[in-house]
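Presented below is the structure to which this report refers.
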C-alpha cells in the first residue's frame with residue numbers, strides 16, 4: 089500500500105497512463121489511413137467485376153428466351169394433343185353409352201312384366217298377415233282383463249299394509265328430526281366458539297407478523313445502501329481514481345445509513361423475541377433464526393469501520409497531490425483532446441469517400457439494368473409470334489373433333505328420352521297397384537278399430553272399479569297423513585326458527601369478527617404512524633440545537649461545525665412511508681381520517697423540502713467567500729410551525745379500541761333470554777284452552 093501511495097505522489101503512474109493513451113491515438117490514425125487505401129482498391133475491383141457480370145447476364149437472358157420458346161412450343165403441342173385425345177375419348181364414351189341405352193330399353197320392357205306379377209303376390213301376403221295380427225291382439229286383450237282383476241285384489245291388500253307402515257315411519261321420522269335438530273344446534277355453538285378462538289389467535293399472530301414485515305422492509309433498505317456503497321468501494325483502481333469527491337462522500341453517507349439500519353434491525357429482533365415470549369404462540373419457533381440473524385448483523389460492524397477508514401485515507405491522498413502534477417495532467421488532457429479531434433476528421437473523410445464510390449457503382453448498375461430490359465423486350469416479341477402461329481394450326485384440328493362429338497351426343501339424348509318414357513309408364517303401373525293395396529288395408533283397419541273400441545270400454549269399466557278401490561284406501565291414508573303433517577309442521581317450525589336464529593347469530597359474530605380485524609389493522613397503523621412521528625421528533629430535537637448554532641454562525645459569517653442530518657432524514661422518510669401505507673378502511677369515518685392523512689403528507693413534504701434546503705445551504709457554505717447574509721431562519725421557522733400542526737394531527741390518530749365481538753355476544757344473549765320468555769308465555773296460552781274445554 090505504501091508503494092502505491094508513493095507512485096501517486098511522484099506522478100509515475102500518471103505518466104505511464106498518458107503515454108499509453110498517446111500511443112493508442114497514433115495507432116488509430118494509422119488504421120484510418122490504411123482503411124482509406126483499401127477502400128479505393130476495392131472500388132476499382134468491384135467496377136471490373138460488375139462489367140463482367142453484366143455481359144454474363146446478357147448471354148444468360150438470350151439462352152433463357154430460347155429455352156422458353158422451345159418449352160412453350162412443346163407445351164402447346166402437348167396441350168393440343170391432350171385435348172384431341174380427350175375429345176376422341178369422349179366420343180368413344182358417348183358411343184358406349186348409346187349401346188348401353190339400347191340394351192336398357194330391352195331390359196325395362198322385361199322388368200315391367202315381372203313387376204306386375206310380383207306386386208299382386210305381395211299384396212295378398214300382406215293382407216293375410218294383417219288378419220293374423222288382429223287375432224293375436226284379441227287374445228292379448230283377454231289376458232289383460234284377467235290381469236287387471238288380479239291387480240284390483242292386490243291393491244286392496246297393499247292399502248292396508250301402507251297405512252300401518254306410514255304410521256310407523258312417521259313416528260320414527262319425528263324422533264330422527266328431533267335428534268338432528270339438537271346435533272345441528274350443537275355444531276353451530278361449536279362454530280361460534282371457534283370464531284372467538286380464531287379472533288384471539290389472529291390478534292397474537294398479526295402482532296408478530298407486523299414486526300417481521302418491518303424487519304423485511306428495513307432489510308430491503310439495507311441491501312440498497314450496501315449496493316450504492318459497493319459501486320464505489322468495489323470499483324477497479326483505474327475507475328476509482330476518476331470518481332469525484334461528491335461520489336466518495338455519498339458512499340460514506342451510505343455506509344453510515346447501512347450502520348443505522350443494522351442497529352435498527354438488531355433492536356427489532358429483540359422486540360420480536362420479547363413478543364414471542366409473552367404471547368406463547370403454538371407452531372411458532374423463531375428463536376434459533378433470530379439468534380443467527382443477530383450474529384450476522386454484529387459481524388457487519390468491523391467491516392463498516394474498515395471501509396470508512398479506507399475512504400478517508402483515499403480522500404486525504406487526492407487532496408494532498410502537488411500543483412506540478414496537476415499542471416502536467418492538464419497539458420496531457422489537452423493533447424489527448426487534440427488527437428481525438430484529428431481522428432474524428434479522418435473518420436468523416438473516410439465516410440464521405442465511401443458514399444461517393446457507392447453512388448458511382450449504383451449509377452453503373454442502373455445503366456446495365458436498362459440495357460437488359462431492352463434485350464428482354466425484343467426476345468419476348470419473337471417468342472410471342474412463334475407461339476401464336478402454332479396455336480392457330482392446332483385449334484383447327486381440335487374443332488373438327490368437337491363437331492363429331494356433338495353429333496354423337498344428340499343421338500344419345502334421343503335414346504335417353506325414350507328410356508325415360510318407358511320408366512314413367514312403369515311408375516304409373518306401380519302407383520295403381522299401391523292404391524288397390526291401400527284400399528284393402530283400410531277396410532281391415534276399420535274392422536280392427538271397432539273391435540278396439542269394445543275392448544277399451546271393457547278396460548275402462550275395470551279401471552273404474554280399481555280407482556274406486558284405490559280412492560277408498562287413499563282416504564284412509566290421507567287421514568293418517570294429515571295428522572302427521574300437522575305434527576311435522578309444528579316440529580319443523582320450531583326447528584326452523586331455532587336454526588334461523590342460530591345462523592343469524594353466527595353471521596353477526598362473523599361480521600363482528602371482520603369489523604374487529606379491520607379496526608385492529610387501522611389501530612395498529614395509527615400506532616405505528618405515531619411511533620414513526622415520535623422517532624422523527626426525537627431525532628429533530630437532538631439536531632435542532634446544532635441547527636440553531638449553525639444559523640447563528642452563518643449570520644455572523646464565521647466557520648460552522650459539521651453536523652449529520654441523515655438520522656433525522658431517515659426518521660422523516662419512515663414517517664412518510666407510513667402515511668402512504670396506512671389503511672383507513674376499518675375506521676368509523678374513512679373520509680375524515682383520509683383527509684388527516686393527506687394533510688400529514690403535505691406537511692411532511694414541506695418539512696422534507698426545508699431540510700433539503702438546509703442541507704444544501706450548509707454544505708455549500710464558505711465563510712471566507714460568503715458576501716451576502718446567508719442564513720436558514722425561514723426554513724427553521726417553517727419546520728417549527730409544520731411540526732406543531734403535525735403534533736395536533738397525530739393526537740387525532742390516538743383511536744380507542746372497540747370490541748365488536750363482545751358487543752355482538754351481549755346482544756345475542758339478551759335476544760335469547762327474550763325469546764325464551766316469549767316461548768314460555770306462548771306455551772301457557774296454547775295449554776289454557778284445552779283445560780277450559782275439559783272443565
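In the numbering used here, the protein residues as written are 89 to 783.
Every residue gets a Cβ at the ideal spot worked out from N, C-alpha and C, and that includes glycine.
Alpha carbon of residue i to alpha carbon of residue j, nearest angstrom
i, j, result
"residue 567", "residue 235", "30 Å"
"residue 203", "residue 178", "36 Å"
"residue 563", "residue 220", "46 Å"
"residue 197", "residue 506", "12 Å"
"residue 406", "residue 683", "Residue placement at residue 406 cannot be trusted, given a pLDDT of 46 that sits under 50; what the coordinates show is reported in the next sentence. Straight-line Cα distance between these residues: approximately 53 Å."
"residue 371", "residue 605", "Since pLDDT at residue 371 reaches only 47, below the 50 mark, its modelled position is unreliable, and the value read off the structure follows with that caveat. Cα to Cα, the separation comes out at about 22 Å."
"residue 649", "residue 432", "50 Å"
"residue 722", "residue 728", "10 Å"
"residue 488", "residue 162", "22 Å"
"residue 107", "residue 117", "16 Å"
"residue 542", "residue 508", "52 Å"
"residue 268", "residue 260", "12 Å"
"residue 264", "residue 680", "56 Å"
"residue 249", "residue 239", "15 Å"
"residue 200", "residue 518", "10 Å"
"residue 629", "residue 668", "24 Å"
"residue 472", "residue 193", "54 Å"
"residue 175", "residue 159", "24 Å"
"residue 142", "residue 470", "23 Å"
"residue 686", "residue 300", "27 Å"
"residue 553", "residue 540", "20 Å"
"residue 769", "residue 576", "22 Å"
"residue 115", "residue 124", "15 Å"
"residue 483", "residue 516", "49 Å"
"residue 707", "residue 443", "55 Å"
"residue 582", "residue 545", "53 Å"
"residue 133", "residue 447", "15 Å"
"residue 368", "residue 672", "In this prediction, residue 368 has a pLDDT of 48, which is less than 50 and means its spatial position is unreliable; what the coordinates show is noted afterwards. For residue 368 and residue 672, the distance between alpha carbons rounds to 30 Å."
"residue 732", "residue 710", "32 Å"
"residue 455", "residue 480", "39 Å"
"residue 588", "residue 231", "58 Å"
"residue 113", "residue 122", "15 Å"
"residue 642", "residue 726", "18 Å"
Beta-carbon gap between residue i and residue j smaller than 7 Å
i, j, result
"residue 182", "residue 496", "yes"
"residue 699", "residue 730", "no"
"residue 164", "residue 478", "yes"
"residue 662", "residue 611", "no"
"residue 528", "residue 225", "no"
"residue 655", "residue 627", "yes"
"residue 741", "residue 616", "no"
"residue 511", "residue 207", "no"
"residue 189", "residue 503", "yes"
"residue 131", "residue 445", "yes"
"residue 211", "residue 533", "no"
"residue 458", "residue 120", "no"
"residue 170", "residue 474", "no"
"residue 613", "residue 657", "no"
"residue 653", "residue 703", "yes"
"residue 243", "residue 557", "yes"
Assumed close pair residue i, residue j - CB separation to whole angstroms, cut-off 8 Å
i, j, result
"residue 222", "residue 500", "53 Å between Cβ atoms; not a contact."
"residue 639", "residue 720", "5 Å"
"residue 623", "residue 659", "5 Å"
"residue 486", "residue 168", "7 Å"
"residue 127", "residue 441", "6 Å"
"residue 635", "residue 724", "6 Å"
"residue 572", "residue 258", "4 Å"
"residue 550", "residue 233", "7 Å"
"residue 138", "residue 453", "7 Å"
"residue 152", "residue 460", "Between residue 460 and residue 152 the Cβ distance is about 11 Å, and since that is not below 8 Å, they are no contact."
heavy atom of the ligand COA below 6 Å from residue i C-beta
i, result
"residue 218", "As for the ligand COA, it is missing from this structure, which has no ligand bound."
**OP:** Go through the segment 447-503 residue by residue and report every complete run of the beta strand (DSSP E) that reaches 3 residues or more, in order.
**Re:** none
Subject >> Runs of alpha helix (DSSP H) wholly within the segment 667-735 (minimum 4 residues, chain order) >> reply: 678-707
Original post:
Along the chain, which unbroken stretches of the beta strand (DSSP E) at least 3 residues long are found entirely within the segment 597-650?
Top reply: none
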